[in-house]
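Engineer: Structure incoming, see below.
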Amino acid sequence: PEFGLLGTTESLLLGPSRNPWNLEHSTGGSSGGAAAAVASGMVPLAHATDGGGSIRIPASCCGVFGLKPSRGRISLGGRHLPGDIGVQHCVSRSVRDSATLMDLSEMKGEKAVLAPIGRVEGPGSKRLKIAFHTENYYGREPDGDVKAAIEDVAKLCADLGHEIVPVKNPVDGGAFSDAFLTVWASGPSQLVALAKENGLDPEEVLEPWTVGLARYFDAKPADALEVSLKHFAEATAKTNAFMADYDVWLTPVLTSAPPKLGQQAPTVPFDTLYERTVEYVSYTPLHNVVGTPAMSVPLSWNE
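If you want my numbering, it's the position in the sequence shown, counting the first as 1, plus 270.
And the structure:
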């Protein structure tokens, strides 16, 4: 998608990326082409970035493994999104390949922000305390098949000897979503301004969703970005305090199975697409804000 701004990959310039498992459905996004290439067997792994779920969403949609590393683990080459929400790594066919690339690409020596992980030879043996819930951060349940799948995963973890603890999301979903979308839309606002400065009509050179996000941001108060970043800090503090009691936080990746192409395309009227997007992508963005690692593991299939 244009500038990685949507959770589906349906470019108006080049056409949609199609899900290898069902060509009428989305690959997710924004790294949808990467996930499709891996899922179809073209490559064993592919570079991907994640500013709100763009590694984990397509990994979930295409049935591959996707790890969003911790903030600062892998260099972004000096390019950062507001709030430092963006990271890069890959989607892969196996956990082993993802771990190998992490060993090769994580910052080490004087440049290291975090202590290097190094080469991972196999799974750990520690019994984990796992926080578990099915509701998104609005307090709403996912579709029935998604809920059944994540409950099966929780049972699997319990059968493996881990402790499963039912919890509630510690963050106010409505306030968090508004803050995240405000930060997310600040980039498109700059893009529209840049187009105008260069004598271009934004509606001719940018997709409707990009222009709509710019208008969404420009309609907010002048201090909206500053207020949203302060909310990020509050959400981070709450999440860190919550996670002090747990080793792992288990939730769905998305609220539903991959949508059909067109349902979340950038040409859908802005208000409709906004509502569909914030509901569909309502588990992943928090971990970008907090900077914690997060992964999508292919443990279930939708009929």
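Every residue, glycine too, gets a C-beta built ideally from N, C-alpha and C. In this text, all values refer to a predicted model and were calculated from it rather than measured experimentally.
1) By alpha-carbon positions, which one of A465, T452, S345 and L470 ends up nearest to A492?
2) Beta carbon of P478, beta carbon of V462: below 9 Å?
3) Let me check one thing: in DSSP terms, what residues is R286 bridge-paired to?
4) Report all residues from its chain with a CB closer than 7 Å to the CB of W519; omit the five preceding and five following residues, and keep chain order.
5) Below 9 Å between beta carbons: does that hold for V416 and A527?
6) So, with DSSP's three-state summary, where would you put N558?
7) The beta strand (DSSP E) with N292 in it runs from where to where?
8) So for W571, helix, strand or coil by DSSP?
9) If we call anything under 9 Å between Cβ atoms a contact, is G353 one with F502?
10) Taking the alpha helix (DSSP H) that A385 belongs to, which residues open and close that run?
11) On a CA-only basis, which of T480, G298 and R363 is nearest T537? Give me that one, please.
12) I believe G311 touches I325 by the beta-carbon criterion, under 8 Å. Please report the beta-carbon distance rounded to the nearest angstrom.
Structural biologist: Working from what's here:
1) T452
2) Against a cut-off of 9 Å, the Cβ pair of V462 and P478 comes out as no contact.
3) Before going further, note that residue 286 is Pro rather than Arg in the sequence given. DSSP output for P286 lists E280 as bridge partner(s).
4) A401 and M513
5) yes
6) helix
7) N292 to S296
8) coil
9) yes
10) From DSSP, A385 is part of no alpha helix (DSSP H); its letter is neither H nor E.
11) It is T480.
12) The Cβ separation is near 19 Å, so there is no contact.
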